[in-house]
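Visitor: One structure is given below, represented as structure tokens, and several questions about it will come after.
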Amino acid sequence: MLILLLIILPLFGAAMLAAWSGADRTRSCRFALGWSVLPLACVAFIGTQDKINGVMAEAPPLTWIPDAKMDLRFSIDGISWLFLLLTCLVTLFSFASSLASGRGGRAYCGLILVLQSALFGVFTARHFIPWFLCWEMTLIPSYLLIRLWGGHGAPRAALRFFIMTLGGSAFMLVGFLALQLSVGTMDFSELAKLASDHALAGGLAKTFAATGMTGSALLTIVALAVFLGLAVKVPVVPFHAWLPAAYAEAPTPVTMLLTGLLSKMGVYGLLRIFLPIFPEVLPSLAPLLTGLAVATILLGAMAALAQTDLKRILAYSSVNHLGYCVMAIAASAAVHADRGALSAALSGTVLQAINHGVIASALFFGIGILESRSGGSRGLNDFGGLRAKTPVFCGVFGIAVFASLGLPGLSGFIGEFLMFNGVFALTPWAAAVSLIGLLLTAVFLLRMIRKIFHGPLKPNFAKWADLSGTERGWFALAMALIVIPGLWPQALLHFTNPVILNILDLLSPIP
Amino acid sequence: MAEALKPHLSTILWLVPLLPLLAGGITAFLPDRHGKTASRIALGALFVSCLISIGAFICALHPAEGEKIILHTASTWFVFGDVALKVGLLLDPMSAAMAAMVTFVAFWIFVYSTGYMSKEKRFGRFFCFLSLFCGAMLMVVLSNSLLLLFMAWELVGLASYLLIGFYFEKPSAAAAAQKAFITTRVGDMAFFLGMIWLYGHTDTMLFYDHGKGLLESGALASMAGVTTVGGLTVSAAASLLLLVGAMGKSGQVPLHTWLPDAMEGPTPVSALIHAATMVAAGVFLVARTHPIFMSCGATGWPLTATAWIGGITALYAACVALGQNDIKRILAYSTVSQLGFMMIALGTGGVAAAMFHLIAHAFFKALLFLSAGSVIHGCHDEQDIRKMGGLRTEMPKTFIVYAVGMMALAGFPFIFSGFWSKEAVLHSAMGWKGGFGPFALAVCAALLTAFYMTRQALLVFFGKPRTPGVHHPHESPPVILVPLFVLAGGAMLLSVIGTPAWPWFEEWVNGESAHFDISLLWSAAALKLVGLSLTLVTVGVTASWFVYRNPSTDSNAPDPLGRKLGGVWGFLGAGMGFDALYDKAIIAPLAFIAGGVDVLERQIFVPMMAMAESAIKLMGRLTGATDEKGLNDGFNGVCSGLQNQADAVSDSQSGRPQSYLRAIGLAMSVLLILYFWLSA
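First to last, the protein sequences are chains V and R. Note that this note's numbering has the first sequence beginning at 7, numbered continuously upward. Note that this note's numbering has the second sequence beginning at 2, numbered continuously upward.
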């Protein structure tokens with residue numbers, strides 16, 4: 007029941023906002039901010055539950071179509087829980103950033119709440135139909151948020167974002183329908199069980215005998231279709247071209263949601279759905295996936311180096327950072343023998359996804375402050391010497407930057423360490439080449455710090471004051487969320503380990 | 002005290018790195034007006050950690066029979082899947098000596114800083130960064146885990162970034178900080194790769210773990226037995242990668258270019274970076290992981306590379322130091338050169354010689370930088386040695402301590418530690434079976450060292466003042482002078498532990514029992530080397546004296562040696578063009594590639610996406626044509642309702658997406674109908 011409550015809570019908030027005709031921008035945003043503490047409390051409560059076989063909460067199965075065995079299952083295990091927590095936190099940061107930059111309004115806040123609800127659905131559903139409905143549901147509010155509150159290029163950028171994601175999803179839908187037709191289920195865990203019994207390819211071959219293709223060829227096609235849907239969201243090169251414009255044109259608090267949460271849906275899907283359901287064909291797909299991942303890492307880092315718009319730099323930086331997750335997943339697809347390396351790669355993926363969400367939120371929060379104080383500037387060369395006026399802001403932004411480039415002791419490092427560790431044991435050349443990405447990250451991020459905060463103070467910023475008390479509070483929360491997992495990774499790994507071991511049993515059964 | 006410490010050592014040892022780190026953490030929250038408090042916290046923390054280090058050092062003086070390691074710990078830091086990752090601390094003669102040296106030298110640098118930086122507005126912040134720097138370095142030294150060492154190593158990089166860029170308003174300082182971090186990160190990436198390679202092969206990060214550690218025979222044998230890329234064994238490949246990491250931190254050619262630029266930091270920072278921390282980390286890494294290097298043979302690839310890179314660096318930097326005019330840049334290049342000496346020693350198997358030179362160098366280089374700071378302070382921030390001159394009479398005390406440091410570095414005989422430590426390095430290089438090259442390079446570099454240090458001393462302290470600006474130099478206050486005298490004492494006293502008569506340090510580090518035999522001092526082998534060292538320093542100093550004994554009174558007059566060397570002189574002054582080369586060969590191509598990727602993005606990927614978009618739109622139109630009225634109205638109603646509330650104004654495009662939504666809705670219903678029809 008808790009899960010359904012969790013999904014309904016934000017919707018209820020949105021409905022209240024819709025009904026509250028007297029709310030102005032600030033009030034509606036404050037209300038939404040306050041309201042989004044409720045799901046956080048709910049998630050925190052779930053976090054205290056005992057884990058039975060890795061599962062912390064489970065909704066009673068809703069029987070949708072009894073004849074077709076369509077039980078819509080929702081459940082929360084450690085990994086889901088971390089993603090739920092991330093959803094709550096990033097939403098909170100997004101509202102805080104909106105409030106700080108004078109954004110708000112009933113529709114704006116309501117849409118963010120609807121988005122949150124859909125994300126809760128994505129991270130809890132264990133059956134394709136509700137999962138996919140929520141997956142698609144995230145599109146509508148995020149499209150509208152970019153479209154209606156974005157910059158000059160927003161209409162075009164929003165449309166691109168919308169159509170590309172939709173196009174990818176259509177392939178995924180077809181892929182799952184094909185599975186339903188041949189093996190009669192779209193339940194993720196049942197599909198995974200069938201996959202580990204090597205029943206999927208056979209089922210497909212029988213159902214689509216008319217095509218004359220072998221089962222594994224058919225399964226490869228289905229896997230690719232599903233991968234496409236997920237890859238657009240992450241995004242993986244070459245399906246990423248919608249991203250820079252969308253991230254740059256969206257209002258900054260919405261960019262936070264896009265990079266902190268929507269991109270994580272892709273990673274989550276790859277980890278929870280793609281890997282367990284298609285182990286039969288993964289080894290043959292792995293070289294392709296690894297190649298794409300390495301291309302994503304390098305292209306993201308290189309392109310970030312060439313940008314002069316702060317939001318575009320961070321947008322490409324996100325591409326680069328999530329590229330490591332895809333690389334780790336691709337490496338896990340390649341070889342299934344080394345359990346230690348697999349668990350390093352997969353644990354690292356989850357940690358990277360969660361920590362990147364928090365770090366990117368903090369960075370975009372900072373960019374939002376720069377933007378709203380300077381009246382909309384966000385060019386790399388628009389600022390200079392701000393550290394003299396805003397030492398605290400520079401300090402917290404700097405910590406976020408160093409976390410992002412993987413400084414040990416901050417949260418970014420553990421994920422990268424585990425991923426590279428796993429990947430190097432599985433596909434060494436990919437890890438070695440991707441180190442270039444890790445190096446370039448430092449180049450463009452430190453250059454950003456230097457251009458914004460160092461050098462002589464530009465005269466037009468002479469009157470800038472440091473962060474306000476509220477802003478300090480939010481950054482303090484973000485810093486705590488960056489430092490604690492960096493020093494005490496077990497806080498996160500405690501939740502992932504049982505689930506990772508379950509996934510390992512599917513991928514590489516103990517002989 | 003040491004006896005009381007021993008049982009609790011495994012716990013208390015953690016305090017050595019943690020106290021300064023904690024002090025850094027606490028002072029980070031103190032506002033600028035509490036600068037004094039911050040400096041007290043930092044000094045207090047380091048003082049306690051220095052006491053503990055010395056206690057640990059005393060404990061380490063008498064290791065159990067046949068045991069090199071006094072203490073090693075391991076505890077689980079985190080568990081991923083079902084694999085536990087352990088970290089811990091390690092106390093052996095090497096880390097005990099290093100920890101004692103780092104805390105001791107750093108403590109005096111801290112004291113000096115309270116005087117030197119007293120007029121600084123962000124005084125407290127400075128001590129916060131210094132503490133972080135020391136704490137991280139101590140963690141490097143005491144770590145029993147390659148991972149923990151790497152993490153501390155990166156923190157050292159962060160602290161150096163913050164300190165080199167302390168005067169962030171200066172674009173040159175901001176650029177130098179960034180350059181230092183990124184150049185060393187090139188090495189760090191290699192280190193990282195080497196680390197995960199070793200971990201992947203041995204499943205442990207611990208150096209010593211009751212026979213299962215990386216540096217113990219089992220792991221070493223298994224690493225040396227597996228061949229990987231390029232015909233190298235795992236241990237060879239990994240140790241070459243670790244070497245690249247060490248080259249970055251320890252400023253070895255070609256990753257040295259950040260070190261001279263690091264002079265942009267305040268002078269105490271230069272002293273800390275160039276002496277006790279940072280650059281020592283690279284040498285220490287190689288010394289720590291030396292068994293892995295050794296497992297490929299004493300003349301195997303990794304050690305040969307180490308020796309040659311060290312030799313080339315030693316000679317290169319000594320040449321470049323000749324052509325510098327900035328008092329701190331000369332010292333910076335001399336550091337690069339001396340680090341080269343340490344690498345030669347490591348490459349030729351002389352771990353103890355390298356550590357001895359490292360520790361001796363830490364004392365006299367800190368001394369030199371701090372007294373250079375005193376000179377700069379006294380000359381009203383002048384750093385050009387051509388504009389100084391005659392300071393001997395104006396700053397007599399500074400002159401004395403500087404002279405001690407200079408003679409130690411140049412290798413003046415008998416009572417200066419530099420003489421004996423350099424001799425130990427030469428001894429190690431001479432006995433190496435892998436070739437004569439590194440030894441020859443070291444000999445040339447040692448000769449040049451005596452030459453350029455004499456040049457510096459003559460130009461700064463002798464002759465007559467050459468510029469009105471430095472006319473009224475003043476001696477520095479006691480808070481600056483006391484640390485100088487302490488370090489000067491250290492630079493001389495240390496010599497007693499490394500003479501051929503009583504090579505105590507070497508035997509202790511190697512886990513042998515030390516003995517004293519005065520007759521070894523005039524054994525043939527020792528005499529040969531002592532004679533060689535003596536010749537080198539005599540020739541170098543005399544030659545320099547002949548060239549620079551009567552410097553021109555005009556500060557703009559060309560350098561006497563420069564006149565003879567012509568174009569070569571400018572080439573030396575520019576560090577033999579490495580920076581210019583990197584601008585052309587790395588930075589420009591990188592910018593070009595990045596620009597190319599950006600063009601690729603805009604000209605290829607975006608149009609590709611536009612094509613995909615059109616295809617999807619077309620599908621949308623086709624299905625939209627058969628749309629039902631009700632669905633259409635539903636979507637439009639919701640969307641326009643939202644838009645009415647929106648702050649933004651819609652334009653002509655706003656109608657379209659709804660139709661795509663319609664399309665997906667319709668497509669889904671069609672597919673569902675299809676499904677039920679098929680499954681019925």
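Every residue gets a Cβ at the ideal spot worked out from N, C-alpha and C, and that includes glycine. Predicted model, so just to flag it, every value in this text is computed and none were measured.
How many angstroms separate the CA atom of R453/V from the CA atom of I373/V?
Guide: Their backbone Cα atoms lie some 15 Å apart in a straight line.
Visitor: Excluding five sequence neighbours on each side, which residues of the same chain lie with their C-beta closer than 6 Å to the C-beta of W26/V?
Guide: For W26/V, where only same-chain residues beyond five positions count, there are no Cβ hits under 6 Å.
Visitor: Could you tell me the alpha carbon to alpha carbon distance between L143/R and M102/R, rounded to whole angstroms?
Guide: Taking the straight line from one Cα to the other gives about 12 Å.
Visitor: Mind listing which residues of the region 79-94 of chain R have their C-beta closer than 8 Å to chain V's C-betas, in chain order?
Guide: Those would be F79, V80, F81, G82, D83 and V84, in chain order.
Visitor: Tell me, which residues are paired with E507/R by DSSP?
Guide: Paired residue(s): none; E507/R is not in a bridge.
Visitor: Return the residues of the region 485-501 of chain V that lie within a Cβ-Cβ distance of less than 7 Å from chain R, sorted by chain order.
Guide: Under the 7 Å Cβ criterion, the region 485-501 of chain V contributes P495, Q496 and L499.
Visitor: List, in order along the chain, the chain V residues whose C-beta lies closer than 9 Å to that of D599/R?
Guide: Near D599/R (Cβ distances below 9 Å), the residues of chain V are M308, A309, L311, A312 and Q313.
Visitor: To test your reading of the DSSP string, which unbroken beta strand (DSSP E) runs of 3 or more residues are found completely within the region 391-474 of chain V?
Guide: Counting only runs of 3 or more, we get nothing.
Visitor: Considering only C-alpha positions, which residue in the set M271/V, W137/V and A231/V is nearest to T355/V?
Guide: For the residues M271/V, W137/V and A231/V, the minimum Cα distance to T355/V belongs to M271/V.
Visitor: Could you give the distance in angstroms between the alpha-carbon of T144/V and the alpha-carbon of A409/V?
Guide: Going from the Cα of T144/V to the Cα of A409/V covers about 28 Å.
Visitor: DSSP three-state call for A63/V: helix, strand or coil?
Guide: Strand.
Visitor: Return the bridge partner residues of F81/R from the DSSP annotation.
Guide: Answer is V84/R, bridged to F81/R.
Visitor: To which residues of the same chain is M279/R closer than 6 Å at the C-beta, ignoring the five residues directly before and after it?
Guide: Correct list, in chain order: V157 and S161.
Visitor: Is the distance from the Cβ of Y113/R to the Cβ of I481/R below 9 Å?
Guide: Yes, Cβ-Cβ distance for Y113/R and I481/R is below 9 Å.
Visitor: Out of V141/R, A315/R and L347/R, state which residue places its alpha-carbon closest to the alpha-carbon of L1/R.
Guide: In this structure chain R extends from 2 to 681, so residue 1/R is not present and cannot be described.
Visitor: Could you tell me whether the Cβ atoms of G492/V and F419/V are closer together than 9 Å?
Guide: Yes, they are a contact pair.
Visitor: Does any residue of chain V have a CB that is nearer than 9 Å to the CB of F151/R?
Guide: Yes, F151/R lies at the interface with chain V (some Cβ there is under 9 Å from its Cβ).
Visitor: Taking just the CA atoms, how far does T97/V sit from L17/V?
Guide: Between L17/V and T97/V, the C-alpha separation is close to 14 Å.
Visitor: If you draw a straight line from the C-alpha of A113/V to the C-alpha of A205/V, how long is it?
Guide: Between A113/V and A205/V, the C-alpha separation is close to 47 Å.
Visitor: How would you call Q55/V, buried or exposed, if buried means at least 16 neighbouring beta carbons within 10 angstroms?
Guide: Per the 10 Å Cβ criterion, exposed.
Visitor: Taking the alpha carbon of H257/R as the reference point, which residue from I183/R, K213/R and G231/R has its own alpha carbon closest?
Guide: When each option's Cα is compared against that of H257/R, the closest is I183/R.
Visitor: Would I546/R and L459/R qualify as a contact pair, given that the criterion is a beta-carbon distance under 9 Å?
Guide: Here residue 546/R turns out to be Trp, not Ile, going by the sequence shown. Taking 9 Å as the Cβ cut-off, W546/R and L459/R qualify as a contacting pair.
Visitor: Does the beta-carbon of G596/R, which I'm using as the reference point, lie nearer than 8 Å to any heavy atom of the ligand GTP?
Guide: Within the structure as shown, the ligand GTP is missing, as the structure has no ligands at all.
Visitor: Quick one: grab the DSSP three-state call for I71/R.
Guide: Reduced to three states, the DSSP call for I71/R is coil.
Visitor: Identify the contact partners of W15/R in chain V, using a Cβ-Cβ distance below 9 Å as the criterion.
Guide: None at all; the shortest Cβ gap to chain V is about 14 Å.
Visitor: Any idea if R154/R is buried or exposed, counting beta-carbon neighbours within 10 angstroms, 16 or more meaning buried?
Guide: Looking at the sequence itself, residue 154/R is Trp, so the reference to Arg does not match. Result: buried.
Visitor: At a Cβ cut of 9 Å, what residues of the region 162-187 of chain V count as close to chain R, listed as they run along the chain?
Guide: Answer set for the region 162-187 of chain V: R162, A164, L165, R166, F168, I169, M170, L172, G173, S175, A176, L179, V180, L183, Q186 and L187.
Visitor: Just by C-beta distance, which residues in the region 295-322 of chain R are closer than 8 Å to chain V?
Guide: Result list empty, no residue passes.
Visitor: Does the Cβ of H211/R have 16 or more other Cβ atoms within 10 Å, making it buried, or fewer, making it exposed?
Guide: When all chains shown are included, H211/R counts as exposed.
Visitor: Our contact map puts T205/R next to S223/R with C-beta atoms below 8 Å; I'd like the distance itself, whole angstroms only.
Guide: About 11 Å separates the two Cβ atoms, so there is no contact after all.
Visitor: Compare the Cα-Cα distances from K57/V to each of G181/V, I82/V and L411/V and report the closest residue.
Guide: The candidate whose alpha carbon is nearest that of K57/V is I82/V.
Visitor: When you compare only the Cα positions, how much space is there between V332/V and Y274/V?
Guide: V332/V and Y274/V: Cα-Cα distance of roughly 10 Å.
Visitor: Are the C-beta atoms of D210/R and some chain V residue less than 9 Å apart?
Guide: No, because no Cβ of chain V sits closer than 9 Å to the Cβ of D210/R.
Visitor: Going along the chain, which unbroken runs of the alpha helix (DSSP H) with 4 or more residues stay wholly within the region 248-279 of chain V?
Guide: Runs found: 249-255, 258-263 and 269-275.
Visitor: With DSSP run on the structure shown, which of helix, strand or coil describes W26/V?
Guide: Correct three-state label for W26/V: coil.
Visitor: Give the residues from the region 157-175 of chain R that approach chain V closer than 7 Å (Cβ to any Cβ), ordered along the chain.
Guide: Those residues of the region 157-175 of chain R that come within reach of chain V (Cβ to Cβ, closer than 7 Å) are L159, G166, F169, E170, P172 and A175.
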